[in-house]
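Chains as they are written, first to last, in the numbering used here: chain A, 34 to 763; chain B, 1377 to 1542.
Everything below concerns the one structure shown next.
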Amino acid sequence: MSPQTTPWIGAAAARVDGPVKVTGTAIYTGDVALPELAHAVLVQSTIAKGRITDMDIAAAETAPGVLAVCTSDGSLGIGRVASYYSADNGPMGDGRTPLSDAVIHHHGQHIAMVVAQTLEEAVAGAERIRTRYRHQSPLVRIEDAIPQTPPGREDIVRGDLTTGLAVADVTVEAYYETPPQHMNPMEPCTTTAHWVGDRLTVYDSTQYVSGVRDALASAFGVPPANVRVLSGFVGGGFGSKGTVWPHVLLAAAAARLVDRPVRLALTRPQMFTSCGTRPATRQRIVLGAHRDGRLTAIGHDGTSATSPGENVVESTGGLTSILYACPNVTIRQRIVRLDMQAPTFQRAPGRAPGSFALESALDELAHELRMDPVELRLRNHADADPSSGRPWSGKHLRECYRVGAERFGWDPADRTPGTRREGDVLIGTGMASATHEMDPGPAAAYAELRVDGTAVIGVASHDIGTGTYTVLGQIAADVLGLPPERIIVRLGDTDLPEAPPSIGSQTVAYVGPAIRRACEAVRDDLLAAAVADPESPLYRREIGAIEFGPRTYVAELARIGEPSVSAVGHHHPDANSRYAVHSFGAHFAEVAVDALTGTVRVRRMVGAFDVGRVINPRTARSQLLGGMTFGLAQALMEATVIDPRRGHVVEPHLAGYHLPVNADIGTLDVLFVGEPDPHISDLGARGAGEIGVVGAAAAIANAVFHATGVRVRTLPITPDRVVAGSAVGG
Amino acid sequence: MKVTFTVNGRPTEADDVWEGESLLYVLRERVGLPGSKNACEQGECGSCTVYLDGDPVCSCLVAAGQVQDREVGTVEGLAQGDTLDPVQQAFVDAGAVQCGFCTPGLLVQTHDLLNRAHHPSDAEIREALSGNLCRCTGYEKIMDAVRLAAARKADARDAAPTGLEG
């Protein structure tokens, strides 16, 4: 089949799910209406470590409408599910079975569940439970714990760091701190479960329907084929819905217990202790460089917090191993065990905090060298992947710097800190590099051509707000020669062919090609049968020369008397690719810092990105703008405050956990710099979901330094930290 | 208690309402209008914004009993049949919708803004919408959508026959 060019790839198509979302008719998990629906509410531990010694549930059991009260006695019969992070590689985010014993591992651990006729009755019942504990002092602060090497994780060592520092003309060493962050998607995690006999149907707000299915099958001892998981619309995830958390199992257990459909929605406060966190990190960076800026040494030590039972590593040094050419590199990753719930991957895991440290340190080096930070990065550009020696599948990072700087109006001569003042505010500019890889997950997809001239494509992937419905439809339109409005896209259903989780910037990059394979298969099967059939007007035509489209399909299907034909396609990313596959980018930021109060405002940002082929610039641009805003929030606002003595989240709600609102944002601009990547797939698209976050915080921190001369190495950059830096002279 | 009120112009009754129930709960669980979303339950995020007698309110903070004999307008009532309101159409056209969970509240808030201010400045838009959290879009496309809706409504006003009623 000769490649045909269609207008659908690269079209800034409007979202196909837009109309249902603006009319309030898109059905999310919490909107699913089922007859006899009951509601489950979770009771959570008010201590961070210890044991439950007594729980009085009598008043709850007799409360109006209450159907069942479950305590931590293991009687729900939930079987063990392998931890996501263990060698078993199961889908669970938390290795322990919920409500199985009286041991408290973290504040906010689920300790009881009340099921009632209505949500309000379940809440009222839950409030009647009285719990007594035997307290132990929790370990809460990273500084109080002893760093350990994560099991199975070796240090990354290239060359010799000591030698590299010895030959350097200039060295920089600095420590950086990042706080825990919570994903806080607008939709709280919600599960609705319904058993009929030994068959279970679950509506779940998840980034991984197949993982939820496998976990439920394992937990309840039924074949995976007996479990159907649906997730048609997901109100954002950012990692919090990427694994299977205890409440999902509890919802299914509750439904089995009361023999009715049950909905369990986490409350916003519960979202802070029930579905993971980006853990706190402490990082040390040491850089050595020649006077001309060429790096001789990079050392990056990262320590991140994890729970007592799970070996979750926030890999802050991951991007350090690939971003710059440097002969002597040592990256060490350590974990400390704190009394907290298992952390998990939040959007741009490892790279978001890691890039803050690395790209801040690069800026510190540029300042020491009196060199333009863009020039410093150009002089250390990695022409091949330094970690493996492999060529890049595609890399236009130099153009990102150039095009971004041009659009931003970057002035390489203006690098002296604290020199620009406009009235009461100090103005500064900063920049940083960005990179992100894609998790290479294998995917299968389904395509069907129908006699009415429409097509259906389906895959057990998800639209978590990213635009998957729209973009996969465009990819199918391109192959089938049908306009996208004739293509029905089905997602979020385990009855569809299996796809990887919607994490790790992989959906368009790797599910997209599976859609292509399925569409090619169904199209070519139909055409091949036609050219071989003497009855067909296409008999003996060369397939590649046929102008196919709706009329061809409708005519052939009508002629053979079939309502539809279908095919399944597969895409397996090449695990042994000779290319290293990463997206790249550059951020430029301008800040205004109040000279008196230290308040930082980002006036404008420009991000230039190379994400390979852009299938839909409208949805991709929105992904990147949202990513940059995520980075802005990381830089200036977001921090989960944990009480150092009692181990609880101090303000677990959206009043206390600061997210940017519209008035916090200046002008953001996104530029696409790349071109189709010939080596990732024949679609040529790489990931765009996370890279917008990477480096954004560093660009802002570097701009704050340029504005004020104050180097803030602890996130978020709150006014007190800017002012404190001023007091000690920066 | 029984609560009698009007939703999107339709007389509505909810029976056996517990005094502690919110308007949001009544809309979602009793009236069958799940468009308004429950995302924070404390009036911080704006996802549950509805009109109450013409004023935008966080329906999670309004007790159900307070709406007795009053008029409520939700996202489900913005469109005229199959024709989207200009604000809804602009959110679709500008790409201001991502996951969609904050969208219903943003639409009502924007609808209200453009009823009050025909040509809002960017600063006015950002201020007016600062009670509505969005975690996906980064707000730029929402700004585009509000500007687009304002421009289209202005065009529609210019095109409409005027002066006949004095």
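Note that beta-carbon positions come from the ideal geometry of N, C-alpha and C, so glycine has one too.
- For residue 731 (chain A), the closest of A:536, A:663, A:604, A:130 by C-alpha to C-alpha distance is A:663.
- Between residue 233 (chain A) and residue 259 (chain A), the alpha-carbon positions lie close to 6 Å from each other.
- With a threshold of 16 other beta carbon atoms within 10 Å, residue 444 (chain A) falls short and is exposed.
- Taking all protein chains in view, the Cβ of residue 676 (chain A) is surrounded by fewer than 16 other Cβ atoms within 10 Å, so the residue is classified as exposed.
- Residue B:1382 holds the alpha-carbon nearest to the alpha-carbon of residue 1440 (chain B) among B:1499, B:1531, B:1521, B:1382.
- For residue 1452 (chain B), the number of other beta carbons within 10 angstroms of its own is at least 16, and it is reported as buried.
- If you draw a straight line from the Cα of residue 698 (chain A) to the Cα of residue 751 (chain A), it is about 16 Å long.
- Here the alpha carbon of residue 63 (chain A) sits roughly 40 Å from the alpha carbon of residue 708 (chain A).
- Excluding its 5 nearest sequence neighbours in each direction, residue 89 (chain A) has C-beta neighbours in its own chain below 6 Å: 163, listed in chain order.
- Among the residues facing chain B, residue 153 (chain A) is included, as its CB has a counterpart in that chain under 8 Å away.
- Chain-ordered, the chain A residues with CB closer than 8 Å to the CB of residue 1396 (chain B) read 153.
- Rounded to whole angstroms, the separation of the alpha carbons of residue 543 (chain A) and residue 401 (chain A) is 42 Å.
- The beta carbon of residue 497 (chain A) sits closer than 7 Å to the beta carbons of 240, 267, 269, 270, 535 from its chain, once the five residues preceding and following it are set aside; these are given in chain order.
- In terms of Cβ geometry, residue 387 (chain A) and residue 349 (chain A) form a close pair [threshold 8 Å].
- Put simply, of A:571, A:145, A:343 the residue whose alpha carbon is nearest the alpha carbon of residue 589 (chain A) is A:571.
- For residue 103 (chain A), the enclosing beta strand (DSSP E) covers residues 99–104.
- A direct Cα-to-Cα measurement between residue 378 (chain A) and residue 273 (chain A) gives close to 8 Å.
- DSSP links residue 208 (chain A) through a beta bridge to A:317.
- Proximity of residue 64 (chain A) to chain B, defined by a Cβ-Cβ separation below 8 Å, is satisfied.
- Residue contact with chain A for residue 1467 (chain B): present (Cβ-Cβ distance below 8 Å to some residue of chain A).
- Interface criterion met: the Cβ of residue 1475 (chain B) is under 8 Å from a Cβ in chain A.
- Across the segment 331–348 of chain A, no CB contact with chain B closer than 7 Å is found for any residue.
- For residue 650 (chain A) and residue 724 (chain A), the gap between their C-alpha atoms comes out near 15 Å.
- Look at residue 1455 (chain B) here: in three-state DSSP terms it is coil, with no helix or strand label.
- Short of 6 Å from the beta carbon of residue 434 (chain A), and not among the five residues preceding or following it, lie these beta carbons of its own chain, in chain order: 407, 619.
- Under the rule that a run must span 3 or more residues, the beta strand (DSSP E) segments found entirely inside the segment 692–731 of chain A read 700–705.
- Comparing alpha-carbon positions, the option among A:519, A:314, A:681 lying closest to residue 176 (chain A) turns out to be A:314.
- Counting only runs of 4 or more residues that sit fully inside the segment 257–323 of chain A, the alpha helix (DSSP H) segments are 279–291, 304–307, in chain order.
- Boundaries for residue 187 (chain A): no beta strand (DSSP E) harbours it, and the DSSP string shows neither H nor E there.
- Per DSSP, residue 558 (chain A) is not a residue of any beta strand (DSSP E); the alpha helix (DSSP H) it occupies stretches across 545–564.
- The alpha-carbon of residue 530 (chain A) is positioned some 10 Å away from that of residue 547 (chain A).
- Note: residue 214 (chain A) is bridge-paired with A:311 in the DSSP secondary-structure output.
- Excluding the 5 residues flanking it on each side, residue 74 (chain A) has same chain C-beta neighbours closer than 6 Å at 147, 155, 156, 159, in chain order.
- In this structure, residue 1516 (chain B) places its C-beta atom within 8 Å of the C-beta atom of residue 658 (chain A).
- Within chain A, no residue has its beta carbon less than 9 Å from that of residue 1432 (chain B); the closest one is some 15 Å off.
- Here the segment 275–291 of chain A lies against the segment 210–225 of chain A, with 3 or more beta-carbon pairs under 8 Å apart.
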